[in-house]
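**Q** Encoded as structure tokens, here's the structure I'll be asking about.
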Amino acid sequence: MRFPAEVVTPTPHSPLPDSRLRWLTDDLLFHYQRCSRRTFLDLYGDAGTQDPPSDYLQKLKQDSAEHRRSIMQDYDPCRPVYPRGDWAAGARATEVMMAAGVEAIASGVLTTTASQDGVQLVSRPDLLVKLPGWSRWGDWLYAPIDIKLGKKPKLDYQIVALFHAYVLSRVQWAWPQ
Numbered sequence: 283m284r285f286p287a288e289v290v291t292p293t294p295h296s297p298l299p300d301s302r303l304r305w306l307t308d309d310l311l312f313h314y315q316r317c318s319r320r321t322f323l324d325l326y327g328d329a330g331t332q333d334p335p336s337d338y339l340q341k342l343k344q345d346s347a348e349h350r351r352s353i354m355q356d357y358d359p360c361r362p363v364y365p366r367g368d369w370a371a372g373a374r375a376t377e378v379m380m381a382a383g384v385e386a387i388a389s390g391v392l393t394t395t396a397s398q399d400g401v402q403l404v405s406r407p408d409l410l411v412k413l414p415g416w417s418r419w420g421d422w423l424y425a426p427i428d429i430k431l432g433k434k435p436k437l438d439y440q441i442v443a444l445f446h447a448y449v450l451s452r453v454q455w456a457w458p459q
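So my numbering is basically just the index in the sequence shown, starting at one, shifted up by 282.
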């Protein structure tokens with residue numbers, strides 16, 4: 283999979299043209315798999331010119347949110363507190379909770395440096411669940427859970443799940459099980 287050169291890859295003589303490119307999120311990765319134009323518009327498009335979501339899409343989002351809530355009830359997770367959109371603060375709050383050994387973390391933020399200068403990878407799994415194993419914090423590690431509404435895991439979702447696992451492995455110094 284290749285990302286468009288103008289979106290992610292700066293040359294040594296041209297810094298990243300826009301601060302929005304500093305963060306490569308799981309949402310951008312997901313949307314890029316489905317439509318690279320959508321990713322470009324998410325970064326550079328005027329949000330005011332977007333069509334409103336269809337009734338069908340709103341219903342899907344509502345059903346997905348209800349499904350997510352029902353799954354989360356089984357874990358009784360804690361949530362890190364951070365300002366909306368402040369990925370760095372979210373990552374710090376999430377790491378503090380992970381270091382403390384919290385059993386389940388909802389809406390956590392994980393960040394790590396990418397191989398490209400100035401680009402941070404941002405993963406926001408729905409849930410991080412504590413499991414036995416070794417990590418930088420001791421004899422426990424975390425596994426990411428992404429809760430989606432569907433009968434079969436689509437390839438798009440599998441790639442995002444792998445992205446979550448990769449970023450988490452960089453944060454906790456161990457691959458999740």
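Ideal Cβ placement from N, Cα and C applies to all residues, glycine included. None of these values were measured; they are calculated from a predicted model.
Spatial neighbours of arginine 350 within its chain, please: CB distance less than 7 Å, with the 5 preceding and 5 following residues excluded, ordered by chain position.
**A** Along the sequence shown, one-based indexing puts residue 350 at 68. Closer than 7 Å at the Cβ level, and outside the excluded window around arginine 350, lie Asp408, Ile429.
**Q** Name the DSSP bridge partner or partners of lysine 436?
**A** Sequence index remark: in the sequence shown, residue 436 carries index 154 (1-based). Answer is none; lysine 436 lacks a bridge partner.
**Q** Look up cysteine 360 in the DSSP assignment and give the residues it is bridged to.
**A** By 1-based counting over the sequence shown, the position of residue 360 is 78. Looking at the DSSP assignment, cysteine 360 forms a beta bridge with Ile387.
**Q** Buried or exposed, going by whether 16 or more other CB atoms sit within 10 Å of the CB of glutamate 348?
**A** Position 66 of the sequence shown, counted from the start, is the residue given in the question as residue 348. By the neighbour-count rule (16 or more Cβ atoms within 10 Å), glutamate 348 is not buried but exposed.
**Q** Once you ignore the five residues that flank alanine 373 on each side, which residues in its own chain have a CB closer than 7 Å to its CB?
**A** For the purposes of this step, residue 373 is identified with residue 91 of the sequence shown, where counting begins at 1. So the qualifying residues of the chain are Val391, Leu392, Thr393.
**Q** Exposed or buried, which one is methionine 380 when buried takes at least 16 other CB atoms within 10 Å?
**A** Position 98 of the sequence shown, counted from the start, is the residue given in the question as residue 380. Buried is the call here.
**Q** Quick check: the stretch 394-401 against the stretch 426-445, are there 3 or more CB pairs under 8 Å?
**A** Counting Cβ pairs under 8 Å, fewer than three are found: no touch.
**Q** Less than 8 Å between the C-beta atoms of cysteine 360 and valine 384, yes or no?
**A** Against the sequence shown, residue 360 aligns to sequence position 78. Against the sequence shown, residue 384 aligns to sequence position 102. Their beta carbons are under 8 Å apart, which means cysteine 360 touches valine 384 by this criterion.
**Q** Return the first residue and the last residue of the beta strand (DSSP E) that threonine 394 is part of.
**A** As a working note, residue 394 is residue 112 in the sequence shown. It spans 392-395 - the beta strand (DSSP E) in which threonine 394 sits, taken as one unbroken run.
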